[in-house]
Structures are given as structure tokens and as C-alpha cells.
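Data first, discussion second: the structure below is written as C-alpha cells.
Protein chains: 2
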Amino acid sequence: MAADRTSLSKVVSDQIRGQILEGKFRPGERLVEDRLSADLGVSRVPVREALLGLSIEGLVRLEPRRGATVAEITPEIVAELVEVRALLEGQNARLAARRHDPEIVAQLRETLKRGNEAAETGTPDQLARLNGEFHERLAEASRNSVLTEVMRSLRERTSIAFAINGRDRAREDWKEHAGILAAVIDGDEELAALLATRHVHKAAEAFARAHAAAANDAAD
Amino acid sequence: MAADRTSLSKVVSDQIRGQILEGKFRPGERLVEDRLSADLGVSRVPVREALLGLSIEGLVRLEPRRGATVAEITPEIVAELVEVRALLEGQNARLAARRHDPEIVAQLRETLKRGNEAAETGTPDQLARLNGEFHERLAEASRNSVLTEVMRSLRERTSIAFAINGRDRAREDWKEHAGILAAVIDGDEELAALLATRHVHKAAEAFARAHAAAANDAAD
DNA sequence: GGAAGCATGATTGTATACAATTTTGCTGAT
DNA sequence: ATCAGCAAAATTGTATACAATCATGCTTCC
């Protein structure tokens, strides 16, 4: 077997995170240690460590003696997340435009191409993954690892909420991605920042509409 | 005994975090699980969970199979942290000025008073604690819990590095705090944001000077 | 004398076991 | 029928035990 350069807790953590982000575990759902450890074929210890880590990241809610649940991202929390995320995405885009590293730009172009295709024919699963990939690569373009990590954490949490946005919004997403990338390539810092900030707000508005509509349906 | 509404891992985590922030554990120092568990009178499990959490917060570095060390905050990392922190402190101060909640303002005044005293006669320990308290309360003034938590995480990490700043800088710190608070009370959003951003940069510059001087001494 | 190789001790990673607490479902009284 | 009270089951929190890996110091060979 290849040298294990990572711990089992990390693997378990990535598994659970993945299932949450894919929507396999829904917000509010209980995450029972025994069941997870049985499903993943490990003992409870690495599962506990994974859940603890995810709770600090904000993806899981941990109540003492009452166990773990998938974090419920309320509209109020979304508003707070968006307020911070919009600011950071803006600054990040500004820095990305300042550097406009050719290698990263090439990667972003590649992701953009695949994203545009997926916006038409892809599954929600693929869309979510490509969206994450675009933002991750854009975040790396600032060459600030602290910024990249904070943004990733915020993005994962908003993505749980934004999952209710449909294909219409996905098409808009990728149009906006294209605009941001163009500004980055041009080295137009101000425009890149503006578009990136606006992109977050637009996604949030789409979420707010979808959320209100869903609440209406539930009230019928 | 009063009802334990918190887990032992949390207690242990707070203990270790406190010792790191007080400088009891120095950057680069190894944190051996056995020793910590013996010192704190608990088993290794809560210690492990605490270390894992602290590593996600960025205060501890965890290498697979090689254990935990107190995170070393290099000048490069400081620069990254400061770039993000300055932005967030600015936005936070802007929001604080917009709300200028009387109750929180009263608390800030109280902390400011004690901070000014400590700047003259307090121990480095007290200074660090009061500095943290001021920034924590200022962060709460924005009424954005996400922002508060992200800022706390960034602040803790910079504070490890900024600990080498001496009493001269402490006096400047509290002068700047006074300026920020005054702008918040006035509801002057732009000034509050400017001063808060500048405050972070000034502390970073003081750190850079102190760090360079220390490096010079070491080269002698 | 120095370096490679190996044995030993120290430390981390995972599993299992047990204690403490919470949840759940039943029973019986009003 | 509903609710309080209690017993049993489920679940979490902590401790201990063992396996896997890494660090250290010795021996031996050149």
C-alpha cells in the first residue's frame, strides 16, 4: 500500500464534508457517530474528530451531549455570510486582477468552458463541483493562502443554502464568472472587484427569492 | 456540581489556546499529547480533540504521525493575515459606526479606560487580554456573528506574532483604539473604517520593525 | 573516526470498553 | 384522552489498551 501521508480522521472528514456539500446529508439531519462509523468502516474516534473539525468550519452543529447535526443555514446566517463573502470575493478579485498569473488564468478558462457546458447539460452535482472549482481557482489567484482558506469556508456554507438555486441561476452564474475572468485577464482591478462582489449578492438574491417561494409552497 | 453544559474537549481547548496566547507555549514548541493530558489531568482523547480544533483555527500545526506544534507565524503569514484582517476590521468598524449601539459603546469605553491604564502600568499579559477584549467587543458591535468569528480567528493568530511589540506600541494601540471608538460613537462610518484599517497596518509595521531588529540581534 | 544499519524507546493513530446523559416509549393516574 | 413519571434503549463523553510509526542512540563495519 502507498504511504499514508494523511490520517484517517482527515479522510473521514472529507467524506462527510463531501456528502454534506452534495446534499446527501440534508441540513438539520442528525449525524450519529455509530452509524457514520459503521458506514465508513472505521471506529467512532476518527468520526468524532471529523465532526469536531467540521463544526469549527461551520458545516456541522455540535451540541454537548446531544450530538451532531448538519448545520442549518438560515436566511439570517446567509445574510451574514454574504456580507463578509462579498467583501472578500471583491478584494480577492482585485488581487487576482493585479497579478493576473497566466497559468492560473489558463486553468480558470478551462473551468469556465466546462462550467458553461454543465450549465446546459450537467447534473446539479456537477454544477456544484464546477462552481466550487472556479471559485477555488479564482481564490488561489490572489496568492494569499489565508484569504483562500477563509473564502473556502464561507463559500462551503453558502453553497449549502444556494443549492436550491436552479439551472436558470446556474446560467447567470457562469455568465458572471466569464465577466469576472475577463476583468482579471485585463488587469482591471476595480471592475473585477465590483463584478465579484456583485456576483455574490446576485446569488444571494436568487437564494432569497427561491427561499421565499419554497416557504410559500410549504404554506399551501 | 453545576450542570456541565460544555464538554471536556472544549475546556482543554480553551486552556491550551490560553496558554498559547499568553506565550506560555512558544511558537514551534512541541505539544505532546501525553504531557498535556497529564498536566491537565485528563486522558489523551480530549487533548487530541482540542489540538485538532486548534489546528483548524490555525493556532496549532498538526503533522500526520509527527504530532502537534504551536503554529509559527512567519512574516509572510503575518502579511497575509494582515491583508485580510485590515479589510475586515475596516468593514466591521463601518458597521459598528452605523449601529453605534449605546450598550456596546459603554462597554468599549470601559475597556478603553482599563486599557489606557494598563498601557502604563500593566503586565504584558494584561495588555494582551485587554487588547483582545477591546477588539472582541468592537467586533460584536457589527452584529454579524460570522464576521466576529472570522475576525477573532485572524486576530488570535496575529497576536502571537505581535506579542513582541513592546510598551511603546501598546500606548499607540490605545490611542488608536480611542480614535476608532470616537468615530464609532459619532457614527462616522468612513472615518471608523479608515482608522480601524490603519490600526491593523500600524501594528503590523511595528511588528515588522521589531522582527527585523530581533533578527539583527540574533545575527550578532 | 565516521557513516550505515539496527534495536529500543517515545509518540501518535485507532479501536474497544465503560460511564454518564439524553431520548423514547410505556404505564397509570386524573 | 392527556400528561406526569419512570424504565429501557440509544447515544455521547471519556478512559484505557493496543498497533503503527517515528526518533534516538548504539553497534559495527569500512
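Sequence lines, in order, name chains A and B. Each residue of the first sequence is one higher than the last, beginning at 1 in our numbering. Each residue of the second sequence is one higher than the last, beginning at 1001 in our numbering. No residue lacks a Cβ here, since even glycine has one placed at the ideal position from N, Cα and C.
Any Cβ of chain A closer than 8 Å to the Cβ of B:L1021 would place that residue at the interface, and such an atom is absent. It is roughly 13 Å from the alpha-carbon of A:L195 to the alpha-carbon of A:H135.
When beta bridges are read from the DSSP output, B:T1069 appears opposite B:R1030 and B:R1061. Of the residues B:A1206, B:N1216, B:T1123 and B:A1212, the one whose Cα lies closest to the Cα of B:V1082 is B:A1206. Taking the Cα positions, A:K24 is about 15 Å away from A:R35.
Counting only Cβ-Cβ distances below 9 Å, B:Q1091 has contacts in chain A at E83, V84 and L87, in chain order. When only Cα atoms are considered, A:A161 and A:I77 end up about 10 Å apart. For B:R1099, the enclosing alpha helix (DSSP H) starts and ends at P1075 to R1099.
For the region 1140 to 1159 of chain B, residues whose beta-carbon sits nearer than 7 Å to a beta-carbon of chain A comprise N1144, S1145, V1146, L1147 and V1150. Within a 10 Å sphere around the beta-carbon of A:G115 sit 16 or more other beta-carbons, which makes this residue buried. Here the region 17 to 31 of chain A makes contact with the region 41 to 60 of chain A; the two share three or more CB pairs at distances below 8 Å. Within chain A, R48, E49 and L52 have C-beta atoms less than 9 Å from the C-beta of B:E1049, given in sequence order. Taken through DSSP and simplified to helix, strand or coil, A:T148 comes out as helix. Excluding sequence positions up to five before and after A:R17, its CB lies within less than 7 Å of the CB of L54 and L59, all in the same chain and listed in chain order.
The C-beta separation of A:L108 from A:L181 comes to about 5 Å, placing the pair in contact by the 8 Å criterion. The DSSP-derived three-state label of A:A163 is coil. Residue state for A:K202 is assigned as helix, using DSSP reduced to three classes. Assigned with DSSP and collapsed to three states, B:S1007 falls in coil, not helix or strand.
A:V12 and A:T121 have their C-alpha atoms some 31 Å from each other. Between B:E1080 and B:V1200, the gap from beta carbon to beta carbon reaches 8 Å or more. In terms of Cβ geometry, A:V84 and B:V1084 do not form a close pair [threshold 8 Å]. Ranked by Cα distance from B:R1169, the options B:A1119, B:G1067, B:R1137 and B:E1189 are led by B:A1119.
For A:A128, the enclosing alpha helix (DSSP H) has its first and last residue at P124 to E140. The same chain holds no residue with a CB closer than 8 Å to that of A:K113 once the five nearest residues on each side in sequence are set aside. Taking a beta-carbon distance threshold of 8 Å, B:S1043 does not count as an interface residue toward chain A. Closer than 8 Å to the CB of A:E57 there is at least one CB belonging to chain B.
Residue contact with chain A for B:E1072: absent (no Cβ-Cβ distance below 8 Å to any residue of chain A). A:Q91 has its alpha-carbon roughly 34 Å from the corresponding atom of B:P1124. Taking 8 Å as the cut-off, the Cβ atoms of A:I185 and A:R137 do not count as close.
Between A:A215 and A:D173, the CB-CB gap reaches or exceeds 8 Å. Within chain A, the residues N144, S145, V146 and L147 have their CB atoms less than 8 Å from the CB of B:E1080, given in chain order.
Here A:A93 is near A:A192, since their CB atoms are less than 8 Å apart.
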